[in-house]
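Shown next, in structure tokens, is the structure this report addresses.
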Amino acid sequence: MNQVERLLDGLDDHPDRRADLVPAITRLLARGRSTSPAGRALYRRLCRKYSDLVTSSPQPV
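Per our numbering, residue 12 is the first one in the sequence shown, and the count goes up by one each step.
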């Protein structure tokens, strides 16, 4: 999850890329990797911070 954490941390530095990156990160977290507690925590963090961009993406189990 370190790569995803770095992407999340870097979103503030690239506001022009958020519309592309947030859905991509959400899809990544919604896959099998997201079944871990760390994956679910990252997904919640993403949803809280960028809820306007995480609208139609599937939520991890």
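In this text, a Cβ means the ideal position worked out from N, Cα and C, and glycines have one as well. None of the values given here were measured: they were computed from a predicted structure.
Asked: Do you know how far the Cα of D23 is from the Cα of R17?; Found: 11 Å
Asked: Under a three-way DSSP split, which group does S67 fall into?; Found: Since pLDDT at S67 reaches only 49, below the 50 mark, its modelled position is unreliable, and no value is offered.
Asked: Please classify G21: is it buried, with 16 or more other beta-carbons within 10 angstroms of its beta-carbon, or exposed?; Found: exposed
Asked: By DSSP, does Y61 sit in helix, in strand, or in coil?; Found: coil
Asked: Compute the Euclidean distance between the alpha carbons of R59 and V33, then round it to the nearest angstrom.; Found: 12 Å
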